[in-house]
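Structure first, commentary second.
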Amino acid sequence: DIARVAADTGAGLVIMHTGRDRQKLPDAIADQLAFLRRSLEIARQNGIADDHIVLDPGFGFAKETAEENLDLMARFSELHALGLPLMAGTSRKRFIGTVTGRDAADRGVGTAATSVILRLQGADLFRVHDVAFNVDALALADAMLARQTDRARN
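Basically this note's numbering = 1-based index in the sequence shown + 191.
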């Protein structure tokens, strides 16, 4: 059991929503929250501290349509209700190709766009193939967020 291994070794744990082997709830975020809460409970029962856990909504996993993934992106900030860091793994996903018409190898710019959108909704970590595109895109998003924060303070 992965939770026991992580607890025994002190390793960090990424809990990813998959939706496999169970009936999904009709509301995507309600399904995410139910699955992730249950998984968090298992991790905590096995002695894994919250500061060793990151949550990943699992873009593309058991989300069969572009619409499901886009809905998840649009409502991503609602996952902050769980109070833990959030990871986004949209790199080269099929839904990007559906929207842009690009093959997987040519989805770097689309991936960077999703990274920016998700950063603006509070994503903390990103799993990507094309690191340079995303570093630059996120640097701009972070600079804008910093200006927004500075302006709010003044």
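C-beta: ideal position from N, C-alpha, C; glycine also.
- Kindly provide the ranges of any beta strand (DSSP E) runs that are 3 or more residues long and lie completely inside the segment 215-284, ordered along the chain. Those beta strand (DSSP E) runs which fall completely within the segment 215-284 and span 3+ residues are 244-247.
- Message: Under DSSP, the alpha helix (DSSP H) around residue 205 begins and ends at which residues?
- Response: Unbroken run through residue 205 is the beta strand (DSSP E), 204-207; no alpha helix (DSSP H).
- Item | Check whether residue 308 and residue 278 have beta carbons under 8 Å apart | No. Outside cutoff.
- Item | Top-ranked residue by Cα proximity to residue 199, from 329, 267, 344 and 239 | Taking only the C-alpha atoms, the option nearest residue 199 is 239.
- Message: Tell me the rounded alpha-carbon separation between residue 338 and residue 253.
- Response: Between residue 338 and residue 253, the alpha-carbon positions lie close to 37 Å from each other.
- Message: Tell me the rounded alpha-carbon separation between residue 327 and residue 258.
- Response: Straight-line Cα distance between these residues: approximately 27 Å.
- Item | Of the residues 320, 227 and 311, the one placed nearest residue 272, counting alpha carbons only | 227 is the residue among 320, 227 and 311 whose C-alpha sits nearest the C-alpha of residue 272.
- Item | Other residues of its chain near residue 245: CB distance less than 8 Å, five sequence neighbours each side excluded | Result list for residue 245: 203, 204, 205, 206, 275, 276, 277, 278, 315 and 316, in chain order.
- Query: Per DSSP, residue 286 forms a beta bridge with which residues?
  - Reply: Under DSSP, residue 286 takes part in no beta bridge, so it has no partner.
- Message: Less than 8 Å between the beta carbons of residue 283 and residue 298, yes or no?
- Response: In contact: residue 283 and residue 298 (Cβ atoms closer than 8 Å).
- Continuous alpha helix (DSSP H) assignments of at least 4 residues falling wholly in the segment 288-320: Qualifying alpha helix (DSSP H) stretches, in chain order: 299-311.
- Task: On a CA-only basis, which of 290, 194, 201 and 318 is nearest residue 235? Give me that one, please.
- Result: Checking every option, the nearest Cα to that of residue 235 belongs to 194.
- Where the alpha helix (DSSP H) through residue 192 begins and ends: First-last for residue 192: undefined, no H or E at that position.
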